[in-house]
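Notes follow once the structure below has been shown.
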Amino acid sequence: MNRKIVITAAIFGLLAVIAGAFGAHGLKAKLSIADIEIWHTGVEYQFYHVFALLFLGLYTNGRKSLVNLSYYLLTLGIICFSGSLYLLAADDLLGWRIAHIIWPVTPLGGVFFIGGWLSLALAAIFRNK
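Note that the working numbering has the sequence shown beginning at 8, numbered continuously upward.
Here you go:
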């Protein structure tokens with residue numbers, strides 16, 4: 008077990024539950040339906056990748072360098088993809104008007120997710136025997 012990865016997954020899981028509850032109960036009356044859907048997508052993808060991190064943290068047969076690369080890419084993906092969606096959803100509510108700055112971060116987070124999954128696949132393919 009990789010303790011650092013499991014702790015990171017647990018923290019992101021905790022934050023996903025809080026973000027989901029906050030979106031469903033605290034923001035529902037304050038955001039448009041479209042913005043609630045954006046918020047929900049951020050929570051959904053955060054949870055998907057929390058599960059990936061949990062698996063990665065328990066995966067002991069992979070190439071350590073590829074496992075670490077997958078960890079960093081998935082973590083950056085959560086921060087960039089889900090984080091940018093939370094900011095985009097709440098942009099009007101916060102009055103920041105930063106959507107034009109934030110929107111390019113979302114696909115960058117998606118690229119990090121793709122790289123994280125690819126690194127995990129390579130770690131399994133080239134695992135230590």
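All residues carry an ideal CB built from backbone N, CA and C; glycine is no exception.
Give the straight-line distance between the Cα atoms of residue i and residue j, rounded to the nearest whole angstrom.
i, j, result
"Gly30", "Ile43", "7 Å"
"Leu80", "Ala106", "24 Å"
"Trp46", "Arg70", "35 Å"
"Ala41", "Asn68", "43 Å"
"Gly33", "Gly102", "17 Å"
"Phe119", "Leu83", "6 Å"
"Gly20", "Gln53", "8 Å"
"Val24", "Ala59", "16 Å"
"Gly117", "Glu51", "13 Å"
"Ala28", "Tyr66", "30 Å"
"Leu22", "Leu61", "15 Å"
"Ser39", "Tyr78", "34 Å"
"Leu115", "Ala128", "20 Å"
Give the C-beta separation of residue i and residue j to the nearest angstrom, bearing in mind that I take them to be a contact with Cβ-Cβ under 8 Å.
i, j, result
"Ala130", "Leu73", "4 Å"
"Ser89", "Gly49", "4 Å"
"Ile85", "His56", "5 Å"
"His37", "Leu100", "Checking the displayed sequence, the identity of residue 37 turns out to be Lys instead of His. The Cβ separation is near 6 Å, so the contact holds."
Got a sec? Which residues, its chain only, sit under 8 Å from residue i by beta carbon, not counting five neighbours each side?
i, result
"Ile109", "Ser91, Leu94, Leu95 and Asp98"
Below 7 Å CB to CB, which residues in the same chain sit around residue i once its five sequence neighbours on both sides are set aside?
i, result
"Gly64", "Met8, Asn9, Ile12, Val13 and Ala16"
"Leu76", "Ser126"
"Val112", "Cys87 and Ser91"
"Arg104", "Asp98"
Under a CB-based cut-off of 8 Å, is residue i close to chain D?
i, result
"Phe54", "Here chain D cannot be found, since the structure has a single protein chain."
Between which residues of its own chain and residue i is the CB-CB distance below 6 Å, once the five residues before and five after are set aside?
i, result
"Phe133", "Arg70"
"Ile121", "none"
| query | Which runs of the alpha helix (DSSP H) fall wholly inside the region 63 to 122 and span at least 4 residues, in chain order? | reply | 71 to 84, 90 to 101 and 106 to 109
| Counting only runs that start and end within the region 18 to 72, where is the beta strand (DSSP E) found for 3 or more residues in a row? | none
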